[in-house]
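Note that UniProt numbering numbers the sequence shown so that position 63 is 63, with each residue one more than the last. I have placed the structure first, in the form of structure tokens, so that the comments after it can refer back to it.
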Amino acid sequence: CDRCGCEIFQPVGTKTFGPLIECPSKDCERNQTKGQLHHSTRASKFQPFQEIKIQEIAEQVPVGHIPRMLTVLCHGALVRRINPGDIVDIAGIFLPTPYTGLKALKAGLLTDTYLEAQHITQHKKAYENMEINSRVFRRIEQYRTSGNIYEYLAKSIAPEIYG
């Protein structure tokens, strides 16, 4: 506050942020002044948040139809676990979000929906996240001792060209 010097912390729990303009502290009330608040990003604490749009896999969409899309909201440790093109299973809470502003007048009682992510499972993991267990290690050893390692690599890199 520019009048009393008080710091006010405002938690934000929604997608929109409306900063406080007037100081609500006891000092300003007691002095009957309306001090202005100035936003300080250095004193702010930001929580990890990500909004993701997911859609159906092309193979699962019937011919001539448009893939369905869903908005997923991620918080905390689930942020940045998904990259574009990843195939994932997401467990979460399916919630409505009402329209705001002019859309709300036109929509009436209709609401949009989103998924609040609780758990994410990736089908294809990145190399740094892969775990080599005994089964994978045995398979690598089998390929190494077979003598056909060049053919295996050629088939795996470009199967449409090789065969």
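Glycine included, each C-beta is placed from N, C-alpha and C at the ideal position.
Asked	Found
First and last residue of the uninterrupted beta strand (DSSP E) at residue 189	A query on residue 189 cannot be resolved here, the shown segment of the chain reaching from 1 to 163 and no further.
Exposure of residue 72, with buried meaning 16 or more beta-carbon neighbours within 10 Å	buried
Secondary structure of residue 79, DSSP reduced to three states	coil
Through-space distance from residue 3 to residue 35, alpha-carbon basis	5 angstroms
Contact check, residue 82 vs residue 52, beta carbons under 8 angstroms	yes
Local Cβ density within 10 Å of residue 117, reported as buried at 16 or more and exposed below that	buried
Touching by the beta-carbon criterion (3+ pairs, under 8 angstroms), the segment 87-98 and the segment 137-150	no
Distance CB(residue 28)-CB(residue 37) smaller than 8 angstroms	no
Separation of residue 123 from residue 79, as counted between CA atoms	17 angstroms
Residue range of the beta strand (DSSP E) that includes residue 56	Taken as a continuous stretch (DSSP letters only), residue 56 belongs to no beta strand (DSSP E), as it is neither H nor E.
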